[in-house]
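Notes follow once the structure below has been shown.
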Amino acid sequence: MVIGGQSSRRFVFAMRAEGRDRGDPEWPAGSESPLIEVDVLDEGRVVASYRDRVALMERDGRLVGLSYFVVVDATPSDLVDRPLEAQVYLEDRDGVRQSAALPFHARLTL
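Position in the sequence shown (from 1) plus 6 gives the number in the working numbering.
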């Protein structure tokens, strides 16, 4: 977990995908670009979320998205060293949806 400017608390994620359209790098928020959703759960309760259309980069035959800032809706000390889960969804322009879940423990970085 990062505490940035103006005391904003957030998790920073990156993602990798295969077999999807990368979207339009000229208009990343356009309807041709994939919809990315990230929910961070603490015992089933959403404590942070992100949702946006973004164009992905192509690297080594895979699609890569870097620096998704997922804003935290909780007190940082309540989440540090707790078992959390990130649920990530990617939906391409054709409506094909992929998902993944990642368990992790939060660490505080100032």
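Ideal placement from N, C-alpha and C gives every residue a C-beta, glycine not left out. For clarity, every value in this text was computed on a predicted model and none was experimentally measured.
{"Item": "For V8 and P82, what's the separation of their Cα atoms in angstroms?", "Value": "9 Å"}
{"Item": "Going straight from the alpha carbon of D84 to that of G36, what length do you get?", "Value": "36 Å"}
{"Item": "By Cβ distance, which residues of its chain are closer than 8 Å to P34, with the 5 residues on each side in sequence left out?", "Value": "R59, V60, A61"}
{"Item": "Which residue comes first and which comes last in the beta strand (DSSP E) that contains D87?", "Value": "First-last for D87: undefined, no H or E at that position."}
{"Item": "Which whole-angstrom value is the C-beta distance of V77 and L114, which I expect to be below 8 Å?", "Value": "At roughly 15 Å, the Cβ-Cβ gap does not stay under 8 Å, so V77 and L114 are not in contact."}
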